[in-house]
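Once you know that position 118 of the sequence shown is 118 in the UniProt record's numbering, the rest is easy, because the numbers rise by one and skip nothing. From the three backbone atoms N, C-alpha and C, an ideal C-beta is built for every residue, glycine too. Here the structure is a predicted model, which is why all the values come from computation and not from measurement.
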Amino acid sequence: MGTLNVSRVPIGGSVTGAEVLFSRSGEQTNRTTWLEAEICVTNLSSNFFIAFEAIRVNGRLSDIAIDDVGSQVTTYIALFEWFGYDLSIGDIVYVSEGEHHRFTCMVPDLRTPVSLSWMLGGLEISPDKNNNLTESDGFTTSTSTVAITISESNHGELLQCMAFVAGIHPVVNIFITLDVKVKPKASNMLLYVANWTGSDASPGMDEGMLQYFKCEVVDIRPAASFEWFLDGASQRISSPSLSEEDDWLVDVSDTWSFTPTRANHGQEVKCVVNNTESEEPFPSKVLTVLVNGPPDILAITGSPTMTANKPSVLVCRAYTGYPDNWNLAWSNGDTPLTGTTTVSASCGSGFMFTSTLAFTPRREDNGNNITCSAQKTSWTRPTEMACFGPIDVQCKYKPTRLPYNASYFGNRDKGSL
């Protein structure tokens, strides 16, 4: 017995120097037994011949016989998404970040089942399920399914399915490219006043001053549209334009402006963002409008009837001021009254202010008005004022008892002066 070689010979080539696919030498069995052999040929991208070469040794007993030679060319491999859409090699598949996407790979009509493996971005990933189904005609269909949780980092990566014979010989493969769409998220949004000049002591915005609100969203694909709301009413919709659609993640922003009044205090500015991947409710950011201003509702309580030189207590309350550093100042006519303090407390979206005055009226204060107004060093415009009065200052006198003069009254009784 000599040697049997099975070689792959390129078109126009010769057996000498060809790729040997199979080789056996020496006695393999007795004269009545046939052996089976299976040879896997990979890289089917170019034409070639299969050459059977028998090399004999000296002697008449060097016999080699082959019979029942057949071939099966496995060139078809299918890849489809979970909903059954058939994909072609090199296709771009659009997916969304965070979704669970299922792909199935299939190689049909096999005499011998193949093993299927997956790679994503050059790294091997484990399939969820492999299956070989043999039909009544003896042919087998090999399938494999993989489920991928899509992340932004998968954008542009290749998903590849490869079929192997005997676990080591790749025979056919198919690949696709993932195009990952990333929808906006509230965690990736920022809303702020672009021209804010406030401080911790005065965190609001001044009435009558134009304010610019800026909304930003980062790491999305494709770009997004913005819708602005004030107190629940839509104000503007804009779609920032890009010079060209970036293949990578983009950051987009939009600016909206308005001039606040005191009526806007406590209202909400809302920025809503969405792109083609978004689903309602769309992500949003909200900013509460805080308008700096003095209290606009003031009232003084107490009794306008007072007694001269006796303390009377008056209380001034003021509402809807912002922020909480307003002081309530008292006056008696045009004369400022000192020695009072102001206490603030949160009240809705603003603050309530309270000041108590212990006022000791004089007789000459009768008919005066007591006033209370909100003041702050940085505020130069007029503020609301509460007026109490005119006050009625009453005077009470003790009767004066004259000393008793007996001689005076005695002379008077006698008719003498």
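Check                                                                                                                     : Outcome
6 Å CB neighbourhood of I108 in its chain, flanking five on each side removed                                             : For the sequence presented, residue 108 should be read as Pro rather than Ile. For P108, where only same-chain residues beyond five positions count, the Cβ hits under 6 Å are T141.
Opposing strand residues paired with Q160 [DSSP bridges]                                                                  : M119, F175
Local Cβ density within 10 Å of H100, reported as buried at 16 or more and exposed below that                             : exposed
Element boundaries [beta strand (DSSP E), containing A51]                                                                 : 48 to 55
Residue environment, G415, which counts as buried when at least 16 other CB atoms sit within 10 Å                         : Confidence at G415 is low in this model, with a pLDDT of 49, below 50, so the placement of that residue should be treated as unreliable; the coordinate-derived value is given next. By the 10 Å Cβ count, G415 comes out exposed.
DSSP-derived helix/strand/coil call for R362                                                                              : coil
Residue span of the beta strand (DSSP E) that contains M306, given as start and end                                       : 305 to 307
N5 - containing beta strand (DSSP E), residue span                                                                        : 3 to 10
Cβ-heavy atom distance, L178 to the ligand FMN, below 7 Å                                                                 : As far as ligands go, the structure on display features none, and thus does not contain the ligand FMN.
Anticipated Cβ contact below 8 Å, T112 with F80, distance rounded                                                         : Actually they do not touch by this definition, with Cβ atoms about 23 Å apart.
Terminal residues of the beta strand (DSSP E) in which Q267 lies                                                          : Per DSSP, Q267 belongs to no beta strand (DSSP E) and is neither H nor E.
Short Cβ contact (8 Å threshold) for K270 with F229                                                                       : yes
Enclosing beta strand (DSSP E) for C387 [first to last residue]                                                           : 385 to 388
Beta-carbon gap between I176 and L87 smaller than 8 Å                                                                     : yes
Spatial distance of E207 from S225 (CA atoms)                                                                             : 30 Å
Minimum C-alpha distance to N327 - residue among D334, G333, Y319                                                         : Y319
Alpha-carbon to alpha-carbon, F353 and T380                                                                               : 19 Å
At least 3 beta-carbon pairs within less than 8 Å: the segment 370 to 377 vs the segment 270 to 289                       : no
Per-residue DSSP class, three states only, for R236                                                                       : strand
Alpha-carbon spacing of S117 relative to M106, whole angstroms                                                            : 11 Å
Assigned exposure category for V15 - 16 Cβ within 10 Å defines buried                                                     : exposed
Coil, strand or helix - F369 by DSSP                                                                                      : The question names Phe, yet the displayed sequence has Asn at residue 369. N369: coil per DSSP, three-state reduction.
Chain-order list of residues whose beta-carbon lies under 7 Å from that of F19 (same chain, five-residue window excluded) : In the sequence as presented, Phe is not what sits at residue 19; that position holds Glu. So the list reads S7, R8, once near-sequence residues are dropped.
Rounded distance between the beta-carbons of Q211 and S257, thought under 8 Å                                             : 6 Å
Cβ neighbour criterion (16 or more within 10 Å) applied to G333                                                           : exposed
When R262, G367, T371 are compared against P323, the one with the closest alpha-carbon                                    : R262
Residue interval of the beta strand (DSSP E) (run including W330)                                                         : 327 to 332
Cβ-Cβ separation, I11 to N58 (assumed contact under 8 Å), whole Å                                                         : Actually they do not touch by this definition, with Cβ atoms about 35 Å apart.
Whether L4 touches A51 by CB criterion (8 Å)                                                                              : no
Straight-line Cα distance separating I297 from G204                                                                       : 19 Å
Sequence-distant residues of the same chain with beta carbon closer than 8 Å to W82, five excluded per side               : H101, R102, F103, T104
Buried versus exposed call for W196 [16 or more other C-beta atoms within 10 Å across all chains shown]                   : exposed
Status (buried if at least 16 other CB within 10 Å, exposed otherwise) for residue 419                                    : What is shown of the chain runs 1 to 417, which leaves residue 419 out entirely.
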